[in-house]
Amino acid sequence: MCGIVGYIGKQKAAPILIEGLKRLEYRGYDSAGISIIGKNKITTIKSVGKVSSLEDKIGGKSIAGNVGIAHTRWATHGKPSDKNSHPHGDCKGNIFLVHNGIIENYIELKSSLAKKGHKFKSETDSEVIVHLIEEFNKKLDFKNAVLEALKLIKGTYGLAIINKKEPEKIIAARLGSPLVLGIGGDEYVIASDASAVVRHTNQVIYLEDGEVAVIEKDNYEVTDIKDKSKNKKITKLDWSIEEAEKQGFDHFMLKEIFEQPKAIEDATRGRLVVSEGTAKLGGLRDVADKLRKLDRIIIVSCGTSYYAGLVGEYMLEEYAGIPVEVEYASEFRYRKPILDEKTAVLAISQSGETADTLEAIREGNNKGAITLGIVNTVGSTIARETTAGVYNHAGPEIGVASTKAFTSQLSVLILLTLLLGRQRQMSYVMGKRIASEMKKIPKQVEEILSQSKEIKKIAKKYLKYKNILYLGRKYNEPIALEGALKIKEISYIHAEGYPSGEMKHGPIALIDENFPSVFVVPKDSVYEKNISGMQEIKARGGKIIAIATEGDKEIKKHADDVIYIPKTLEMLTPLLSVVPLQLLAYYVGTGLGYDVDKPRNLAKSVTVE
Ligand code: M6R
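Under this note's numbering, the first residue of the sequence shown carries the number 804, and numbering increases by one thereafter.
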């Protein structure tokens, strides 16, 4: 949450920073701002709303200067307003900074700085940092002033700071909020993530917690906050700028829904071994022995990634025979989880930066469990802090509503099920069956995508409803939950996801002609039970959209609208049944006129607890 970007080099900083902000906008879009060091002054422009409002405010004005910082905000302390927008400046307008994170002791710092005469302009926690640096900068140089200030701060931060008195420098610091330094030929870009860097260079270093980078026009140095020098490895980014662009689609969300056949291929390429009925996962090789001895797996994740975990629970228990628990990462460390070396704590995270999931992993590491990750973002904090893991390789996901990351997470969970299952009781014949059906999934997703026009027509009929119930059972219960999350995120329609068997225990009371349901009802082992549930809804006048298996004519008797998915193994149906639900949400959201890539109040990666 919150995106920060800084530029130092030979080019004009302002256009590069604006472009970087647009790439980071998915992290927050309550307000945006920019500060550029010019001759003897720092120009700062801020605006409430999206980066486009900031651009309008700049209005084509050319801002001179090759060094600058910028920010796109997801508000935590203080409502979205010009004065609460970053960059924040000190009393004299010498030092400006952008911050991503939360300063927990800002109230006490603020009152002690106020007693020393500092004047605060905003309600934010971030502003205390710049005044603290100003205070130390009275006696110390810029770098030492920053280091001293950081020693007093409690909380999390990703920071980029400029100082008019040392104008050829950006200082960046990280604790709990990600920062990537892009190293170009004669320029540097520091940003919250690589999407703002990749246009300039594919050579990056990932700052670790507790590290500070002093970036000058022709060199950089990384130290810890005690000024001890750090040797940093340069990593090559393995994705390109094209992957992060819309490529003719109206929204990133739609592009990413349509990218799913490729994302599933990419997640399984070279890993799914049909001939042996198993999977090979290089990222888990080092822990192969420990995996063989595992007693149980605890999956920790949030939102859509949590629902992927729920599907994983069904797969791993049924086919690998390992007990699995799925926990909201945000609750995990507030219990007293009982962990040991035969327990794997498996984090699932698209961004690899979700604070709740990261803290759950740290809890796992502290308590001696094996920590594993299924992560999409290469080099992210969760990927680095887990003992071992598997990358999704879905490419950058920009739409705030997660789509392709989900199906690629499911694909990796299937690979994991094959790997662990074949180490245990799964037969070669079963492994081969699953692997060969899995091979067909990308094509089958394409078949569903080819029905997008019909799905759009169905969506149109449901724009008028204020509430929708999503129902499913067994493997498709988590898909009902995910379908409901998708529609509420981007269309603001109240939706409840429920296990269909639970409906009769309460939610059925809601049903009438104004409360439609989406029933995920493929031809599987719980099909008949689901049909009974559908009849109970019909008997009460509720409308139904059914997600059913192709060739199932019977279903039409029980539903008002039917979207068909191809036939596959029961355990693989979630990979297919979720796709129409994503499209349905997309067409309802856009049909109601919303910007589905930037739903209100949300941010792509939630880096605060
Ligand atoms: O990056 P992560 O997978 O850790 O993110 C977890 C959730 O914040 C995320 O899935 C969120 O629920 C999405 N907006 C869902 O579309």
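Ideal Cβ placement from N, Cα and C applies to all residues, glycine included.
None of these values were measured; they are calculated from a predicted model.
In the structure shown, what three-state DSSP assignment does residue i receive?
i, result
"Val1090", "helix"
"Ser915", "helix"
"His1308", "helix"
"Thr1220", "helix"
"Pro1302", "strand"
"Ser998", "helix"
"Thr846", "strand"
"Glu1130", "strand"
"Thr1160", "helix"
"Asp1069", "helix"
"Arg1187", "helix"
"Thr1174", "strand"
"Gly958", "strand"
"Gln1006", "strand"
"Tyr1231", "helix"
"Tyr1390", "helix"
"Tyr1273", "strand"
"Lys967", "coil"
"Thr1107", "helix"
"Glu1024", "strand"
"Phe923", "coil"
"Ser1043", "coil"
"Thr1352", "strand"
"Asn903", "strand"
Are the CB atoms of residue j and residue i within a distance shorter than 9 Å?
i, j, result
"Thr1393", "Ile1217", "no"
"Tyr1009", "Arg1138", "no"
"Arg876", "Asp833", "yes"
"Thr1038", "Val1007", "yes"
"Phe1318", "Ile1366", "no"
"Ala997", "Gly806", "no"
"Ile1151", "Gly1202", "no"
"Lys1204", "Val1391", "In the sequence as presented, Lys is not what sits at residue 1204; that position holds Ala. Contact: no."
"Asn843", "His874", "no"
"Lys1170", "Pro1140", "yes"
"Glu971", "Lys913", "no"
"Leu1175", "Ala1082", "no"
"Ile872", "Val808", "yes"
"Gln1228", "Pro1369", "no"
"Val1321", "Leu1395", "no"
"Ile1164", "Glu1130", "no"
"His1196", "Ala1047", "no"
"Arg1236", "Glu1079", "no"
Rounded to whole angstroms, what's the CA-CA distance from residue i to residue j? Just pull it up for me.
i, j, result
"Lys1033", "Ile1018", "14 Å"
"Leu935", "Ile905", "15 Å"
"Lys924", "Gly863", "27 Å"
"Phe1135", "Phe1061", "34 Å"
"Phe939", "Lys954", "12 Å"
"Lys1260", "Leu1252", "14 Å"
"Gly812", "Ile866", "15 Å"
"Gly892", "Ile965", "10 Å"
"Lys1269", "Lys882", "28 Å"
"Tyr960", "Thr1180", "20 Å"
"Pro1281", "Lys1291", "15 Å"
"Pro818", "Ala1406", "23 Å"
"Ser1154", "Gly1344", "42 Å"
"Arg1276", "Ala948", "58 Å"
"Glu926", "Lys1332", "55 Å"
"Asp944", "Gly831", "33 Å"
"Leu982", "Leu900", "14 Å"
"Gly1429", "Lys1035", "The chain is shown from 804 up to 1412; residue 1429 falls before or after that span and cannot be answered."
"Asn1005", "Pro1064", "26 Å"
"Ala1349", "Pro1402", "26 Å"
"Glu1412", "Ile910", "19 Å"
"Lys853", "Ala1158", "24 Å"
"Ala975", "His1003", "18 Å"
"Leu1161", "Asp1315", "42 Å"
"Ser1408", "Lys1360", "43 Å"
Just checking: is the beta-carbon of residue i within a distance shorter than 9 Å of some beta-carbon in chain B?
i, result
"Ile906", "Judged by its chain identifiers, the structure shown contains no chain B, having just a single protein chain."
Counting beta carbon pairs with one atom in the stretch 1337-1356 and one in the stretch 1191-1199, are three or more of them shorter than 8 Å?
They do not touch, by the three-pair rule.
Using a Cβ distance threshold of 8 Å, determine whether the stretch 985-993 contacts the stretch 920-927, with at least three qualifying pairs required.
Between the stretch 985-993 and the stretch 920-927, the count of Cβ pairs shorter than 8 Å is below three; the stretches do not touch.
I want to know whether the stretch 1088-1105 touches the stretch 1146-1166 - three or more CB-CB distances under 8 Å.
Counting Cβ pairs under 8 Å, three or more are found: they touch.
Three-pair Cβ contact test at 8 Å for the stretch 1268-1286 versus the stretch 1107-1125:
With the cut-off at 8 Å, the stretch 1268-1286 and the stretch 1107-1125 touch.
Can you find at least 3 beta carbon pairs, one from the stretch 1368-1377 and one from the stretch 1052-1060, that sit closer than 8 Å?
No, the stretch 1368-1377 does not touch the stretch 1052-1060.
Tell me, please, whether the stretch 1208-1215 touches the stretch 1296-1307 by the rule of three or more beta-carbon pairs shorter than 8 Å.
Taking a contact to require three or more Cβ pairs closer than 8 Å, the stretch 1208-1215 and the stretch 1296-1307 do not qualify as touching.
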